[in-house]
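Contents: one structure, followed by commentary.
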Amino acid sequence: MPSDDGEGDQKGPATGHSAGWVPGLAFLAFVVVFAGLPLLLTATNTLYLTHAEHGSTPVFRKEKRGGQEATEERYLTWDVHKRAESSFRPEGTGRDFGFEGRELRGELSFSVPRDCADRRIRWEIRVDGERAGGGSLRWLHTYTVKTDFAIDRTPDSVGITMYWDGGDAGCPSFSAEWKDARVERGPIG
Numbered sequence: 016m017p018s019d020d021g022e023g024d025q026k027g028p029a030t031g032h033s034a035g036w037v038p039g040l041a042f043l044a045f046v047v048v049f050a051g052l053p054l055l056l057t058a059t060n061t062l063y064l065t066h067a068e069h070g071s072t073p074v075f076r077k078e079k080r081g082g083q084e085a086t087e088e089r090y091l092t093w094d095v096h097k098r099a100e101s102s103f104r105p106e107g108t109g110r111d112f113g114f115e116g117r118e119l120r121g122e123l124s125f126s127v128p129r130d131c132a133d134r135r136i137r138w139e140i141r142v143d144g145e146r147a148g149g150g151s152l153r154w155l156h157t158y159t160v161k162t163d164f165a166i167d168r169t170p171d172s173v174g175i176t177m178y179w180d181g182g183d184a185g186c187p188s189f190s191a192e193w194k195d196a197r198v199e200r201g202p203i204g
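Heads up: the sequence shown begins at 16 in our numbering, then just goes up one per residue.
Next comes the structure, spelled out in structure tokens:
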């Protein structure tokens with residue numbers, strides 16, 4: 016029996032703003048897809064290498080080059096007496112937003128004292144424990160080598176080893192510098 020006090024089980028049309036969320040949600044989706052996502056994806060394509068607290072600790076520095084369109088260059092430097100080994104990890108994570116490591120890139124420079132050009136420098140770069148590249152250098156005072164190696168994933172670790180047949184009183188050390196050591200990423204596929 017219905018109540019006559021006006022508080023019964025009345026079912027009527029819903030009132031309020033229930034349809035107002037649809038345009039708002041559509042606008043939010045538009046902003047995320049067309050404005051935010053491309054910016055987010057381009058910002059995650061480069062993972063610089065960070066020292067992983069193992070081995071010789073390089074000196075780290077950043078420099079801005081250029082005017083208004085300045086680029087930031089990152090340098091890892093060592094003063095190597097006999098041998099130096101360092102481990103790094105890429106900043107960030109490997110499978111962010113459908114991207115994966117494709118290249119290990121950078122520029123490795125060596126400088127030996129003037130009277131030590133006859134000493135041989137050897138170097139090797141490893142990606143997750145596997146040799147990616149390396150070589151030996153002799154007879155010059157300065158060397159620059161591109162460290163651009165194809166890889167098939169974003170590595171957990173990158174290691175570098177450098178040594179030479181100096182380290183004595185006449186040739187106490189050589190300097191090494193790895194400029195912009197990084198993992199460049201591309202789409203998974």
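Even glycine gets a Cβ: it sits at the ideal position worked out from N, Cα and C.
In this text, all values refer to a predicted model and were calculated from it rather than measured experimentally.
If we ignore side chains and look at the alpha-carbon of each, how far apart do residue 105 and residue 196 end up? Numbered from its first residue, the sequence shown carries residue 105 at position 90. Numbered from its first residue, the sequence shown carries residue 196 at position 181. Between residue 105 and residue 196, the C-alpha separation is close to 9 Å.
Other residues of its chain near residue 98: CB distance less than 6 Å, five sequence neighbours each side excluded: Position 83 of the sequence shown, counting from 1, holds the residue named residue 98. Within the same chain, and ignoring the five residues on either side of residue 98 in sequence, the residues whose Cβ sits closer than 6 Å to its Cβ are 178.
Close-in-space but distant-in-sequence residues of the same chain around residue 132 (CB under 8 Å, 5 per side omitted): Translated into the one-based positions of the sequence shown, residue 132 becomes position 117. Answer for residue 132: 153, 154, 155, 156, listed in chain order.
Within the continuous beta strand (DSSP E) that includes residue 137, where are the two ends? Translated into the one-based positions of the sequence shown, residue 137 becomes position 122. First-last of the beta strand (DSSP E) with residue 137: 136-142.
CB residue 160 to CB residue 150, shorter than 8 Å? Within the sequence shown, residue 160 is the residue found at index 145, counting from 1. Within the sequence shown, residue 150 is the residue found at index 135, counting from 1. Residue 160 places its beta carbon less than 8 Å from that of residue 150.
Relative to the C-alpha of residue 116, which residue among 166, 72, 70, 146 is closest? Your numbering for residue 116 matches position 101 in the sequence shown. Distances from the CA of residue 116 to each of 166, 72, 70, 146 were compared; the closest alpha carbon is that of 166.
One question on the structure: do residue 94 and residue 190 come within less than 8 Å of each other, judged by their Cβ atoms? In the sequence shown, counting from the first residue as 1, residue 94 sits at position 79. In the sequence shown, counting from the first residue as 1, residue 190 sits at position 175. In this structure, residue 190 lies closer than 8 Å to residue 94 by Cβ.
Any idea if residue 76 is buried or exposed, counting beta-carbon neighbours within 10 angstroms, 16 or more meaning buried? Along the sequence shown, read from residue 1 onward, the residue named residue 76 stands at position 61. Exposure of residue 76 is indicated by the presence of fewer than 16 other C-beta atoms within 10 angstroms of its C-beta.
So, is residue 55 buried or exposed, given that buried needs 16 or more other C-beta atoms within 10 angstroms? Translated into positions along the sequence shown, residue 55 becomes position 40. With a pLDDT of 48 at residue 55, under the threshold of 50, the predicted position of this residue should be treated as unreliable, though the coordinate-derived value follows. Around the C-beta of residue 55, fewer than 16 other C-beta atoms lie within 10 Å, and the residue is accordingly described as exposed.
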